[in-house]
Amino acid sequence: MGNPIVSVDLHGMFREDAVKAIDRALKAADDSTYQIKLIHGYNRGTSLKNMIMDEYRYHPKVLRVVPGDNLGITVLVLREL
C-alpha cells in the first residue's frame, strides 16, 4: 500500500524539470494515493503554479487541481477520499 498523500518539492526547478517530477509522481501513484501535493513556492513568481494549472487540469489521472493550504502549494486530486 502506498502513501495517500504524496508531496513533491518543486523549489528551484525549471518548467521542464518540474513536469518530469510531477509526471513521475503521477506514474508512481497507486490506488491508495488520492492527492499529490506540489510545493512550488510563491516568492519568486507564479510560473510553476500557472504551468501546473495549464498542464494538469485535463490530465487523465487528475480529477481536479485545487489550491493548497498556502499560496506556495497546489494539490492534484486523483480521487475522492
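Numbering (our numbering), first residue to last: 354 to 434. Ideal Cβ placement from N, Cα and C applies to all residues, glycine included.
### Message
Considering only DSSP beta bridges, list what LEU391 is partnered with.
### Response
Here residue 391 corresponds to residue number 38 of the sequence shown, with the count starting at 1. Partner(s): VAL361, THR427.
### Message
For LYS402, count the other beta carbons within 10 Å of its own beta carbon; 16 or more makes it buried, fewer makes it exposed. Which is it?
### Response
By 1-based counting over the sequence shown, the position of residue 402 is 49. Taking all protein chains in view, the Cβ of LYS402 is crowded by 16 or more other Cβ atoms within 10 Å, so the residue is classified as buried.
### Query
Per DSSP, which one or two residues make a beta bridge with ARG417?
Position 64 of the sequence shown holds residue 417. Looking at the DSSP output, ARG417 bridges to VAL430.
#### Entry: Buried versus exposed, by CB contacts within 10 Å (16 or more), VAL415
Taking the first residue of the sequence shown as position 1, residue 415 is located at position 62. That one is buried.
### Message
Tell me the DSSP secondary structure of ARG410 in three-state form.
### Response
Your numbering for residue 410 matches position 57 in the sequence shown. Secondary structure at ARG410: coil, using DSSP grouped into helix, strand and coil.
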